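Quick notes on the structure that follows.
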Amino acid sequence: MADIVLLRCSNNFARNTCPVTLATSSPGTPVIPLGSEMAAALKLLLDNGFTIRSSEGDNLGFSYTLVRESAPAQPGLIEYFEQRIGQTVTVETNGGTVSGVVILVGTDVVQLHEPTGDLLLVLLDQVNAAYS
Amino acid sequence: MNFEQLLQGYIGRTVEAFLMNNYYTGELLSVSNGRFTLLVTDPSYQTPTEIVTLFTGQIAFVRILMV
Chain A
243 MADIVLLRCS NNFARNTCPV TLATSSPGTP VIPLGSEMAA ALKLLLDNGF
293 TIRSSEGDNL GFSYTLVRES APAQPGLIEY FEQRIGQTVT VETNGGTVSG
343 VVILVGTDVV QLHEPTGDLL LVLLDQVNAA YS
Chain B
12 MNFEQLLQGY IGRTVEAFLM NNYYTGELLS VSNGRFTLLV TDPSYQTPTE
62 IVTLFTGQIA FVRILMV
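Protein chains in written order, with this note's numbering: chain A, 243 to 374; chain B, 12 to 78.
In structure tokens:
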């Protein structure tokens, strides 16, 4: 199920800011306080797995539509693997234990490179334990 | 990038899909919302040339074989 956020940010040339003036979203998405800076709001959403689906600018400001195709796994799990990109980790899953070099971390998956040359796509919500 | 987007890049490759108590080996044929299909090629566990649909919620990991 996709999560959707719509943002409207209005230029304030006098203060050199562009705060969020309208934010609507589907349930379960990060809260974007009105008045927060456009760049900070976009960073928060991108860090939580959203991608910018459309963006428009006009004389008064900017409008964005952001979509997250699937809810991310636990942020701590993503952080764990992101900190170990390029390192070998061993992962215990419900389907067995595997190990390899972390090469990519997605919103719900981690990609490992095994010593044999094979690639692994491990679903993060199936990870029971990991050690490196 | 999520699991399905990543897996789509390996259509045509031979993969092993591991579930909690089973695994399937075969050529990855397609990936769609919440599922993917394999042309199973492992005759010791499955009927040859059978197309198996697997649901991503039940998958622990997928191994993309080098060859």
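We treat Cβ as the ideally placed atom computed from N, Cα and C, and that holds for glycine. Since we're looking at a predicted model, the values are computed, not measured.
Given this structure, state the Cα-to-Cα distance separating A/L287 from A/I274, to the nearest angstrom. Roughly 9 Å separates the two Cα atoms.
Relative to chain B, which residues along the stretch 335-353 of chain A have a C-beta separation below 7 Å, given in chain order?
T335, N336, G337, G338, V340, G348, T349, D350, V351 and Q353
Original post:
Beta-carbon separation of B/I70 and B/L40 under 8 Å?
Top reply: no
Note to self: Can you tell me which residues form a DSSP beta bridge with A/R310?
What the structure shows: A/D245
What does B/I75 touch in chain A if you count any residue whose Cβ is under 8 Å from its own?
D360, L361, L362 and L363
Let me know the secondary structure DSSP gives B/E27 once reduced to three states.
strand
Please state the DSSP three-state secondary structure of A/A372. strand
Subject >> Contact with chain A by B/L49, beta-carbon distance below 8 Å >> reply: no
One question on the structure: do A/L366 and B/F72 come within less than 8 Å of each other, judged by their Cβ atoms? no
Selected residue, minimal CA-CA separation from B/R74, among A/T263, A/A372 and A/G342: For B/R74, the closest C-alpha among the options A/T263, A/A372 and A/G342 is that of A/G342.
For A/N254, list the residues DSSP reports as bridge partners. A/T259
Sheet register partners of B/L76 (DSSP bridge):
Paired residues: none, contrary to the question.
- Task: Alpha carbon to alpha carbon, how far is A/L308 from A/R295? Give it in angstroms, no decimals.
- Result: 5 Å
| said: Output needed for A/E324: all residues of its chain with C-beta closer than 6 Å, excluding positions within five of it in sequence on either side, in chain order. | reply: V347
From A/G277 to A/V262, what distance separates their C-alpha atoms?
5 Å
Which parts of the stretch 310-355 of chain A are runs of the beta strand (DSSP E), unbroken and 3 residues or longer, counting only runs that do not cross its ends? 330-335, 338-347 and 351-355
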